[in-house]
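Asker: Residue numbers for the sequence shown follow the working numbering, beginning at 128 and rising by one.
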Amino acid sequence: QVQLVESGGGVVQPGGSLRLSCEQTGSIVSFSAMGWYRQAPGKQRELVAQIFSSGISNYGDSAKGRSAISWDSGENSVFLQMDNLRPTDTAVYYCNAISPTRGTHWGQGTQVTVSL
128 QVQLVESGGG
138 VVQPGGSLRL
148 SCEQTGSIVS
158 FSAMGWYRQA
168 PGKQRELVAQ
178 IFSSGISNYG
188 DSAKGRSAIS
198 WDSGENSVFL
208 QMDNLRPTDT
218 AVYYCNAISP
228 TRGTHWGQGT
238 QVTVSL
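(1) Find the nearest neighbour of Ser245 within the set Gln171, Ser226, Ser159, Ile178, judged by alpha-carbon distance.
(2) In whole angstroms, what is the alpha-carbon distance linking Asp188 and Gly234?
(3) DSSP puts Leu245 in a beta bridge; with which residues?
(4) Can you tell me which of the three DSSP states Asp199 falls into?
(5) In three-state DSSP terms, what is Thr240?
(6) Let me know the secondary structure DSSP gives Thr217 once reduced to three states.
(7) Below 8 Å between beta carbons: does that hold for Tyr221 and Gly201?
(8) Can you say whether Val175 is buried or exposed, counting buried as having 16 or more other CB atoms within 10 angstroms of its CB?
(9) Is it the case that the Cβ atoms of Leu212 and Gly142 are separated by a distance below 8 Å?
(10) With burial defined as no fewer than 16 other Cβ atoms inside 10 Å of the residue's Cβ, what is the status of Val138: buried or exposed?
(11) Can you tell me whether DSSP reads Asp162 as helix, strand or coil?
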């Protein structure tokens, strides 16, 4: 069984920073991509950032210039550094991983709240 466990969410003031972490536990799986999505109340889930095993990464419009994704392939862990956070970044952030043989997997989500 593949599980993704997120950590690092919390409450931060506008302009602050957070670093989200996601670790894969359970069966050893080879992923072709890992990433982060977010979902705010009443809105659809959207891409924040994704990184491929090739090293190529892409970012959603809301994250460009303020976020950096990195992947420790040896540990099957993915990290998201977010800076200059805004109240509009408030959402549940979900870790995502894609395996060519085991399909797509999601974490349970971690809440990020940007507020004074």
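Glycine included, every Cβ here is placed at the ideal spot set by N, Cα and C. Quick caveat: nothing in here was measured; it's all calculated off a predicted structure.
Answerer: Taking the geometry as given:
(1) The first residue shown for the chain is 128 and the last is 243, placing residue 245 beyond what the model contains.
(2) Working through the sequence shown from its first residue, we reach residue 188 at position 61. Working through the sequence shown from its first residue, we reach residue 234 at position 107. Their Cα atoms are separated by approximately 22 Å.
(3) Missing from the structure shown is residue 245; the chain here goes from 128 to 243 and no further.
(4) As a position in the sequence shown, residue 199 is number 72, starting the count at 1. Reduced to three states, the DSSP call for Asp199 is strand.
(5) Locating residue 240 in the sequence shown gives position 113, counting from the first residue. Correct three-state label for Thr240: strand.
(6) Numbered from 1 along the sequence shown, position 90 holds the residue referred to as residue 217. Three-state result, Thr217: coil.
(7) Your numbering for residue 221 matches position 94 in the sequence shown. Your numbering for residue 201 matches position 74 in the sequence shown. Going by C-beta atoms, Tyr221 is not nearer than 8 Å to Gly201.
(8) As a first step, residue 175 is located in the sequence shown; it is residue number 48 there, counting from the start. Buried, by the Cβ-count rule.
(9) Locating residue 212 in the sequence shown gives position 85, counting from the first residue. Locating residue 142 in the sequence shown gives position 15, counting from the first residue. Cβ distance < 8 Å, so Leu212 and Gly142 count as in contact.
(10) Along the sequence shown, read from residue 1 onward, the residue named residue 138 stands at position 11. By the neighbour-count rule (16 or more Cβ atoms within 10 Å), Val138 is not buried but exposed.
(11) Taking the first residue of the sequence shown as 1, we reach residue 162 at position 35. For the record, residue 162 in the displayed sequence is Gly; it is not Asp. Three-state DSSP puts Gly162 in a strand.
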